[in-house]
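In what follows, a structure is listed as structure tokens, so that the remarks can point back to it.
There are 2 protein chains.
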Amino acid sequence: MIRVGVNGYGVIGRRVADAIVLQPDMILAGVVKVKPDYKARIAVEKKYNLYASDEESLKSFHRSGLSPKGTLEDLLKEVDIIVDACPEGVGAQNSRIYEDLGKKAIFEGGEEHDLTGLSFVSQCNFDDAKGRRSLRVVSCNTTALCRVINSLDRAFGVKRARAVIVRRAADPDETSKGPIDAVVLDPVKLPSHHGHDVRTVLPNIDIVTMALKVPTTHMHLHSLIISVKEKTNEDKVRDSLKKTTRVLLVDSREGIKSTAQVADLARELGRPRSDLYEVAVWGDSIKIIDDEIYFYMGVHQEAIVIPENIDAIRALTGGYSKEESIRLTNKMLGIIEG
Amino acid sequence: MIRVGVNGYGVIGRRVADAIVLQPDMILAGVVKVKPDYKARIAVEKKYNLYASDEESLKSFHRSGLSPKGTLEDLLKEVDIIVDACPEGVGAQNSRIYEDLGKKAIFEGGEEHDLTGLSFVSQCNFDDAKGRRSLRVVSCNTTALCRVINSLDRAFGVKRARAVIVRRAADPDETSKGPIDAVVLDPVKLPSHHGHDVRTVLPNIDIVTMALKVPTTHMHLHSLIISVKEKTNEDKVRDSLKKTTRVLLVDSREGIKSTAQVADLARELGRPRSDLYEVAVWGDSIKIIDDEIYFYMGVHQEAIVIPENIDAIRALTGGYSKEESIRLTNKMLGIIEG
């Protein structure tokens with residue numbers, strides 16, 4: 001059994017913790033929080049071992065009537081590997097602590113590629129994690145782009161990928177974020193960082209991305225223009241993506257015409273928190289004009305990297321092939337194959 | 339003096355009517371409305387000659403205590419040319435009435451290209467209107483794309499234009515339209531009609547467009563990827579667009595990072611209704627990677643076609659060169675050159 005700790009219990013940490021509990025080969029040793037807020041109470045109600053981030057944090061927990069089992073350092077002694085789901089940049093600060101205690105570590109997409117030297121998407125580079133001490137699971141948008149572009153590259157050879165990413169501006173609980181009635185260029189200076197980030201996983205892909213922020217909370221929406229080397233047709237592209245793990249084809253003829261209907265579909269799938277771990281590709285949006293494939297896809301920003309985090313734990317601790325880990329993760333999270 | 343009637347007094351009709359009043363060579367003979375709503379009262383308060391659409395409509399006006407001067411047919415007898423700003427498809431029905439009375443007519447982008455055989459953007463094809471009886475001013479998005487792509491084509495030769503259009507889902511007064519919290523693929527099937535529509539004005543441009551709808555009201559936001567034949571650089575592209583009439587360069591270093599700030603800028607310009615007649619191109623978003631120019635631009639959907647409507651009146655009735663008409667329209671509407 002792999003003993004795993006989760007440092008950070010926000011959008012990603014909470015989901016990773018629950019996903020670890022579902023795996024037959026993993027034990028959730030505990031979760032770490034800085035503040036004694038309602039999320040900390042959720043961890044207590046789930047009977048997870050709760051740890052404070054440091055002595056100062058521990059005091060604030062005690063003042064709130066919560067009794068963590070100790071601090072991050074105490075938890076680290078109990079684990080084989082730690083998943084760091086702390087806010088952007090905090091992971092980099094924590095990495096030294098993990099290193100000093102000789103613990104393997106997984107970081108999220110908010111950290112820089114150079115922190116670990118390996119940016120990870122299960123189906124693209126699982127084997128590169130072998131023998132490593134740490135890796136970085138890339139962000140939601142990068143994960144989605146890698147799954148889909150890697151699939152098309154293997155099937156048809158990708159010459160050039162262009163994507164315009166229309167981002168949800170806030171997660172559903174982030175009431176202080178805007179905008180209310182605007183499209184924000186995020187950033188104005190081009191290209192956006194996503195293309196560069198894809199190349200940390202797929203270094204040979206020619207990709208340029210642009211990104212906007214709009215007043216929605218459900219999902220990111222990607223408009224893709226991908227030119228390929230091999231002559232193909234819409235059916236072949238659909239078939240290829242349909243066979244790709246963690247890619248779900250949706251169709252407007254079934255009433256799915258916006259991110260809201262994809263989110264509604266995800267609710268019906270019965271997953272915890274209505275999470276959609278798959279990239280949702282509109283099958284009937286796929287159109288080929290000359291050598292370019294055009295289509296839309298939706299990305300549930302809160303959920304898509306969860307299977308990657310689980311696979312990453314196995315990739316770093318060993319004992320599983322890529323296919324074995326992906327199959328097991330999919331089964332335990334309820335991801336349907338093909 | 340050119341005697342002009344405006345049939346339809348909604349988003350476009352109201353603006354065209356006001357713009358006609360500002361022109362030294364035009365007289366607004368009257369405006370036509372179907373329903374006696376608050377917009378009809380606005381026309382009365384502005385002392386515009388108000389006409390009902392037909393006898394039935396006239397009765398409903400009388401019941402509301404308003405006394406139009408007659409019906410559309412009465413107005414048509416008074417005019418040299420009519421601007422049809424009726425809802426999509428209604429213009430096509432009206433065209434026979436105009437034809438029967440031998441009146442020149444301008445239609446809007448909701449009508450099909452084939453209705454008139456000429457899709458019009460002032461700076462692209464003003465001269466093609468000479469001797470014609472009617473034309474169609476293209477829609478807001480098409481107008482914006484034509485202005486910018488035509489400019490880049492003349493300067494550098496456009497090889498291929500790709501655009502992802504993120505549309506405001508509703509005008510500010512349309513309270514019954516959604517979405518609230520979703521990105522809608524509009525349409526799901528690709529490509530969107532905008533590329534085809536650009537080719538009704540610029541037939542030699544290779545253009546493919548995709549379009550989404552988001553919960554904002556201010557402006558459409560275009561993400562553009564344009565590959566050009568001639569080697570160029572960002573400064574040359576900026577200079578070229580800066581010199582293009584009805585294109586306004588904005589800059590994030592001046593705090594303009596979203597459609598909301600462009601709209602706020604438009605309010606400060608002191609135009610009626612805070613209208614922005616220009617396409618707003620983010621100068622500091624312009625980036626060249628290999629042979630592709632990337633940039634963002636904003637389109638005020640309610641206002642951008644107003645100068646085109648004014649020029650179209652002159653183009654159909656004669657007596658002005660393209661440059662003379664554009665210069666006069668710009669001056670009267672307060673559009674700054676260069």
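Taken in order, these protein sequences are the chains called D and L. Per the working numbering, residue 1 is the first one in the first sequence, and the count goes up by one each step. Per the working numbering, residue 339 is the first one in the second sequence, and the count goes up by one each step. Idealized CB from N, CA, C, for every residue including glycine.
Euclidean distance between Cα positions of D:ILE27 and D:LYS322
20 Å
Pick out whichever of D:VAL208, D:VAL79, D:GLU292, D:LYS242 has its Cα sitting closest to the Cα of L:ASP544.
D:GLU292
Can we say the region 204-223 of chain D touches the region 122-134 of chain D, given the rule of at least three CB pairs closer than 8 Å?
Output reads no: the region 122-134 of chain D does not touch the region 204-223 of chain D.
If contact is defined by three or more beta carbon pairs under 8 Å, each pair taking one atom from either stretch, is the region 197-205 of chain D in contact with the region 101-121 of chain D?
yes
Is it a yes or a no for the region 69-76 of chain D touching the region 41-57 of chain D, going by three-plus beta-carbon pairs under 8 Å?
In short, these stretches touch, since the Cβ pair count reaches three.
Answer with buried or exposed for L:GLU437, where buried requires no fewer than 16 other C-beta atoms within 10 angstroms of its C-beta.
exposed
What first and last residue would you give for the beta strand (DSSP E) that runs through D:GLY195?
First-last for D:GLY195: 193-201, but that is the alpha helix (DSSP H), not the beta strand (DSSP E).
Does D:TYR38 pass the burial test, meaning 16 or more other C-beta atoms within 10 Å, or should it be called exposed?
exposed
Quick one: does L:MET548 have its CB under 8 Å from some CB of chain D?
yes
Between the alpha carbons of D:VAL83 and D:ALA263, how many angstroms are there, rounded?
27 Å
At least one CB of chain L closer than 8 Å to the CB of D:GLY203: is that the case?
Note that residue 203 of chain D corresponds to Pro in the displayed sequence, not to Gly. Closer than 8 Å: no.
Which residues of the region 176-188 of chain D have a Cβ closer than 7 Å to any Cβ of chain L? Give them in chain order.
PRO179, ASP181, ALA182, VAL183, VAL184, LEU185, VAL188
Of the listed residues D:LEU249, D:GLU302, D:GLY255, nearest to D:ASP275 (C-alpha basis):
D:GLU302
Taking buried to mean at least 16 other C-beta atoms within 10 Å of its own C-beta, is D:ASP235 buried or exposed?
Answer is exposed; the Cβ neighbour count stays below 16.
Return helix, strand or coil for D:THR245, following the three-state DSSP convention.
coil
Can you find at least 3 beta carbon pairs, one from the region 435-455 of chain L and one from the region 484-492 of chain L, that sit closer than 8 Å?
no
Measure the C-alpha to C-alpha separation of L:ALA355 and L:VAL369 and round it to an integer number of angstroms.
7 Å
Give the C-beta separation of L:ARG506 and L:HIS556 to the nearest angstrom, bearing in mind that I take them to be a contact with Cβ-Cβ under 8 Å.
Yes, L:ARG506 and L:HIS556 are in contact; Cβ-Cβ is about 6 Å, under 8 Å.
By how many angstroms is the C-alpha of L:ARG584 removed from the C-alpha of L:MET310?
Nothing can be reported for residue 310 of chain L: it is not among the residues displayed for chain L, which extend from 339 to 676.
May I have the straight-line CA-CA distance separating D:VAL166 from L:VAL504, to the nearest angstrom?
8 Å
Could you tell me which whole alpha helix (DSSP H) segments of length 4 or greater appear in the region 237-283 of chain D?
Within the region 237-283 of chain D, the alpha helix (DSSP H) runs of at least 4 residues that lie entirely inside it are, in chain order, 259-268.
At 9 Å on the CB atoms, spell out the chain D contacts of L:THR538, in chain order.
What L:THR538 touches in chain D: nothing, since even the nearest Cβ is about 18 Å away.
Taking 8 Å as the threshold (beta carbon to beta carbon), is D:ASP171 in contact with chain L?
D:ASP171 does not count as touching chain L.
Can you confirm whether D:ILE226, when its beta carbon is compared against all beta carbons of chain L, has any partner nearer than 8 Å?
no
Who are the near neighbours of L:LYS625 in its chain, counting only those whose CB is closer than 6 Å to its CB and skipping five residues on each side?
TYR632
Tell me whether the beta-carbon of L:VAL522 lies closer than 8 Å to the beta-carbon of L:LYS551.
yes
Since I believe L:GLY351 is in contact with L:ALA443 (beta carbons under 8 Å), could you give me their beta-carbon distance rounded to a whole number of angstroms?
With a Cβ gap of about 14 Å, L:ALA443 and L:GLY351 do not count as contacting.
What's the gap between the Cα of D:ARG271 and the Cα of D:THR259?
C-alpha separation (whole angstroms): 17 Å.
Considering only their Cβ atoms, is the gap separating D:ILE81 from D:ARG162 smaller than 8 Å?
no
Taking 6 Å as the limit between beta carbons, can you name the residues of its chain near L:GLU426, skipping five residues before and five after?
GLY448
Alpha carbon of D:VAL164 to alpha carbon of D:HIS194, nearest angstrom
10 Å
How many angstroms separate the CA atom of D:ILE20 from the CA atom of D:MET297?
27 Å
Can you list, in chain order, the residues of its chain with a C-beta nearer than 8 Å to that of L:LYS515? Leave out the 5 residues immediately preceding and following it.
ALA507, ALA508
Of the residues that make up the region 219-250 of chain D, which ones have a beta carbon closer than 8 Å to any beta carbon in chain L?
MET219, LEU221, SER223, ILE225
Use the C-beta contact count for D:PRO215: other C-beta atoms within 10 angstroms, 16 or more gives buried, fewer gives exposed.
buried
Could you tell me the distance, in whole angstroms, from the CA atom of L:GLY621 to the CA atom of L:PHE399?
49 Å
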